[in-house]
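In our numbering, the protein residues as written are 69 to 383.
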Amino acid sequence: MHAIGIDIGGTKIAGALVDEFGTILRSERTPTTAGDPRAIEDAVVEMIQKLAVGEDVIAAGVAAAGFIDSAQSTVYYAPNINWRNEPLRATLEERLNLPILIENDANAAGWAEFCFGAGQVYSDMVTLTIGTGVGGAIVSNDRLFRGGFGCGAELGHVRIVPDGLPCGCGAQGCIEQYGSGRALLRIANSLADAGGIGLGLASARARKGKLSGKDVGRLIQDGDPGALAALRQLGDALGQACASLAAVLDPQIFVFGGGVADAGELLLEPIRTAYLENLPARGYHPEAEFAIAQLVNDAGVVGAADLARKHVFPI
Ligand SMILES: [Zn+2]
């Protein structure tokens, strides 16, 4: 029996019919109508109906960025969609006559990685999704960690620098300000301003008017010393954060997803180094593995579907 996974992103809604092994059987996608929550709800309903045609579907999971309540019914706050205390599960179940589960998108992606990707052979995993911001997911003792209010695992907003850079969440010094794609661009621009190893970055910026994530990614692949230094600085911040997270969560593996993780081992190497340098009780604390996510773009839909299936049929 199949489940449906829906991942509502900032620019598109992705959906898939997924079997119990995490294999995508059919998929759909449609652009997101920004700022219109009713249009997004209609698009989700339509997509689930389309994917369910002629299939024996037991449940659907809907993933979105934001805070979901611990009952996984109500979206407290979804920054991109304008949902505020939205009883999404009840609305969708009524319209679709199908069990629905609402999940945070980073949690859904992390769960897919745990079940079908880089985390498969472990019981305790931390995922950091390094996109424009930093998303987090925690699996502890084979279970997805949500916290008492359902709002846990927001690892991008763990403070790593006291009185540090202001963050979109209202706090200061969050991981997101030092370890995200946006942070990589900030570091790259300051290296470009400084000259020296930043000359490659400066000339790319001069050609295009401004640096994009793609430009920096291409320079990293070309071995440009400034772009590599920017990535190393980012990896250093993330590695320090991992050492602190290890003190709390003690995962066997850290998995990195998102666009910046395309840098692969070039990102993992400085992360691993900073993690080891900052690991409490180094030498006596078993060392975690570090890996790049395997499911990439499909993780959200696969994880949402699997969580919905397991909600209906707990193992
Ligand atoms: Zn923050």
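Note that beta-carbon positions come from the ideal geometry of N, C-alpha and C, so glycine has one too.
For residue i, the nearest candidate out of the options (CA to CA)
i    : options                : result
R350 : F184, A311, A180, F324 : A311
A331 : I74, A359, G264        : A359
L363 : A120, E337, A176, P99  : A176
A132 : A367, V380, P382, R377 : A367
E171 : V194, I339, A373       : A373
G291 : G266, K278, K276, A305 : G266
L156 : D283, P105, P354       : P105
R152 : E357, G134, L313       : G134
A361 : K282, T159, F324, S191 : F324
A107 : S191, D75, A82, I149   : I149
T264 : G241, P293, V226       : Here the sequence assigns Gly to residue 264, which means Thr is not the residue at that position. G264 has its Cα closest to that of P293, out of G241, P293, V226.
P319 : E96, F213, A262, R275  : F213
R211 : G224, M193, R227       : M193
A146 : S280, L233, D173       : D173
Where the alpha helix (DSSP H) through residue i begins and ends
i    : result
E114 : 105-120
G288 : Note that residue 288 is Ile in the sequence shown here, rather than Gly. Unbroken alpha helix (DSSP H) run through I288: 281-289.
A272 : 267-276
First through last residue of the beta strand (DSSP E) which encompasses residue i
i   : result
G73 : 70-76
T98 : 92-99
V86 : 80-86
(message) Any residue with its Cβ nearer than 5 Å to a heavy atom of ligand 1 should be included. What is that list in chain order?
(response) The filter returns H225, C235, C237, A239, C242, in chain order.
(request) Would you list, in sequence order, the uninterrupted beta strand (DSSP E) runs of no fewer than 3 residues that lie entirely inside the region 197-254? (result) 202-208
(message) Extract the residue ranges of the beta strand (DSSP E) inside the region 129-182, only unbroken runs of 3 or more that lie entirely within it.
(response) 143-146, 151-154, 168-172, all fully within the region 129-182.
(message) Going residue by residue through the region 294-373, where are the continuous alpha helix (DSSP H) segments of at least 4 residues, counting only ones entirely within it?
(response) If only complete runs of 4 or more residues are kept, the region 294-373 shows the alpha helix (DSSP H) at 333-346, in order along the chain.
(message) Would you call the region 161-181 in contact with the region 114-130, where contact means no fewer than 3 C-beta pairs closer than 8 Å?
(response) yes
(request) Assess, as a yes-or-no matter, whether the region 70-83 is touched by the region 109-123 under the definition of 3 or more beta carbon pairs within less than 8 Å. (result) yes
(request) Answer yes if the region 194-204 comes into contact with the region 85-98, meaning at least three C-beta pairs across the two stretches below 8 Å, and no otherwise. (result) no
(message) When you compare the region 177-185 with the region 204-212, are there three or more beta-carbon pairs, one atom per stretch, that lie closer than 8 Å?
(response) Yes, they touch.
(message) For the structure I just gave you, are there three or more beta carbon pairs, one from the region 334-354 and one from the region 374-383, closer than 8 Å?
(response) no
(request) Count the CB pairs spanning the region 238-250 and the region 303-320 that are closer than 8 Å, and state whether there are at least three. (result) The region 238-250, when compared against the region 303-320, does touch it at the 8 Å Cβ threshold.
(request) Kindly confirm or deny that the region 269-277 and the region 212-226 touch, where touching means at least three C-beta pairs closer than 8 Å. (result) no
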